[in-house]
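Numbering (our numbering), first residue to last: 3 to 330. Even glycine gets a Cβ: it sits at the ideal position worked out from N, Cα and C. Values in this document were obtained by computation on a predicted structure and should not be read as measured data. Before any comments, here is the structure.
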Ligand code: NAP
Ligand code: GDD
């Protein structure tokens, strides 16, 4: 039985990855951070809690990480832990850089010393591309990185340190450069879940307006369930390499609002207003990933369409607000 170690197992991706690896027969271990309300930390793990092993740890607490690597001796490490909110990274830049950059070197260097043959996956991000777009309107593995946020800058460091450890120490260390991916388990302050949740509340008469920031940025939005499958394929590819994971489609925030409100029988223009407090000091205007390499070498492709993703999120929140909550 292969052992997987997932940092940030109680996050959106960590919880779906744990379910996927359990289905593949893995022994799954993962870290959570101490929180004053422990119930908040495990709600996404409801389907698998009794089948996985969770431990308190923090990427910034080196001893906690080393102790677990020595105890578990994993075959595969998935570093999903991060301060993952781009706008909040402008508010807490130092914590973001500590976790998303220094945290990666803490973990990969501990792996080099304790489990040098481990297969290592780093959760890299399309936010690293920032303002760079190729002439055919895609970002791909060869696109120059030009980040526009403390989050993006820190992720570029994590990406580069993983490539450096691969070359310098011959480690099987890979980057998945994932474009935005969502689900009913997405944090509610990311734009898709914020829009869906508030649109459902408007539909049910519990709210009458929704305030957003920039509605004219474009994102390549996929489903987290599809993307965690790619993580496993990336780390198990014969060569340690870096792969883009994306749908190859892009939609504006405005189009996403239109799809969600229309599904609920509403017109977003009647309810959505701009509030400058949700604007960012620097915006990343456009993302569209070319995942041809992953599709060819890993035989991966997304199963969900953009509309199916948004409809599943709407159905989930309508159920929750009508008292029929279930973990999807
Ligand atoms: P998420 O839901 O925010 O999960 C992040 C996890 O990291 C949470 O469990 C969080 O714990 C934990 N964490 C935060 N700081 C930590 C620290 N110092 N030490 C240990 N754990 C820490 O994010 P996600 O959407 O699942 O994303 C997973 C990873 O993929 C992240 O690295 C993210 O940056 C990256 N990524 C995400 C996307 C996307 O669109 N979702 C795209 C590209 C890359 P708490 O809940 O206690 O804070
Ligand atoms: N969160 C948020 N809230 N975003 C808004 C809002 C709002 O009220 N109004 C407009 N937006 C716009 C943002 O300005 C951005 O252009 C877009 O919606 C998407 O914002 P988020 O959903 O917060 O995601 P993100 O693209 O900044 O970051 C996500 O994707 C990255 C990959 O590209 C995160 O998951 C990152 O962790 C991930 O690396």
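Sort out for me which residues DSSP pairs residue i with in a bridge.
i: residue 98; result: In the DSSP output, where bridge partners are listed per residue, residue 98 has none listed.
i: residue 275; result: 213
i: residue 34; result: 58
i: residue 78; result: 6 and 121
i: residue 221; result: 253
i: residue 207; result: Looking at the DSSP assignment, residue 207 forms no beta bridge with any residue, so it has no partner.
i: residue 127; result: 180
i: residue 29; result: 5
i: residue 291; result: 141
Starting from residue i and walking both ways along the beta strand (DSSP E), at which residues does that stretch end?
i: residue 175; result: 174-180
i: residue 247; result: 245-247
Check each candidate in the options and name the one with the smallest Cα separation from residue i.
i: residue 303; options: 328, 231, 279 and 329; result: 231
i: residue 5; options: 20, 77, 125 and 306; result: 77
i: residue 297; options: 249, 227, 41 and 181; result: 249
i: residue 31; options: 73, 209 and 192; result: 73
i: residue 124; options: 147, 140, 145 and 159; result: 159
i: residue 228; options: 194, 254, 208 and 306; result: 306
i: residue 223; options: 301, 193, 236 and 63; result: 193
i: residue 100; options: 126, 127 and 61; result: 61
i: residue 133; options: 69, 330, 311 and 287; result: 287
i: residue 308; options: 293, 321 and 253; result: 253
i: residue 25; options: 282, 3 and 289; result: 3
i: residue 284; options: 88, 19 and 127; result: 88
i: residue 292; options: 141, 130 and 126; result: 141
i: residue 57; options: 180, 44 and 143; result: 44
i: residue 221; options: 41, 210 and 139; result: 139
i: residue 205; options: 131, 265 and 71; result: 265
i: residue 328; options: 23, 20 and 49; result: 49
i: residue 251; options: 14, 55, 218 and 290; result: 290
i: residue 156; options: 198, 122 and 92; result: 92
i: residue 127; options: 110, 162, 20 and 137; result: 162
i: residue 236; options: 29, 300, 16 and 20; result: 300
i: residue 218; options: 259, 17, 27 and 40; result: 259
Counting only beta-carbon atoms, is residue i nearer than 9 angstroms to chain D?
i: residue 295; result: Absence of chain D from the displayed structure is noted, only one protein chain being present.
What residue range does the alpha helix (DSSP H) around residue i cover?
i: residue 267; result: Neither: residue 267 is in no alpha helix (DSSP H) and is coded neither H nor E.
i: residue 43; result: 40-44
i: residue 191; result: Looking at the DSSP string, residue 191 is not in any alpha helix (DSSP H), and its letter there is neither H nor E.
i: residue 21; result: 14-25
i: residue 227; result: 226-237
i: residue 110; result: 105-116
i: residue 299; result: 294-299
i: residue 322; result: 308-323
i: residue 91; result: 88-93
Open item on the list: Quick test of the definition: if touching needs 3 or more C-beta pairs under 8 angstroms, does the stretch 91-108 touch the stretch 150-160?
Closed with: yes
- [ ] Identify every run of the alpha helix (DSSP H) within the stretch 131-187, keeping only runs that are complete inside it and at least 4 residues long; order them along the chain.
- [x] 152-171
Task: the stretch 34-51 touching the stretch 99-112, judged by at least three CB pairs closer than 8 angstroms - done: In this structure the stretch 34-51 does not touch the stretch 99-112; the number of beta carbon pairs closer than 8 angstroms is below three.
TODO: Decide if the stretch 79-87 is in contact with the stretch 5-15; the criterion is three or more beta carbon pairs, one per stretch, under 8 angstroms apart.
DONE: When Cβ pairs closer than 8 angstroms are counted between the two stretches, the stretch 79-87 is seen to touch the stretch 5-15, the count reaching three or more.
Open item on the list: Does the stretch 210-229 come into contact with the stretch 276-285, if we say contact requires no fewer than three beta-carbon pairs (one atom in each stretch) closer than 8 angstroms?
Closed with: With the cut-off at 8 angstroms, the stretch 210-229 and the stretch 276-285 touch.
Task: Stretch pair the stretch 178-196 + the stretch 310-321: three plus CB contacts closer than 8 angstroms - done: yes
- [ ] Examine the Cβ distances between the stretch 166-177 and the stretch 243-260 and report whether three or more of them are shorter than 8 angstroms.
- [x] yes
Task: Validate contact between the stretch 165-173 and the stretch 114-132 using beta carbons, cut 8 angstroms, 3 pairs - done: Under the Cβ criterion (8 angstroms, minimum of three pairs), the stretch 165-173 counts as touching the stretch 114-132.
Open item on the list: Would you call the stretch 254-271 in contact with the stretch 321-328, where contact means no fewer than 3 C-beta pairs closer than 8 angstroms?
Closed with: no
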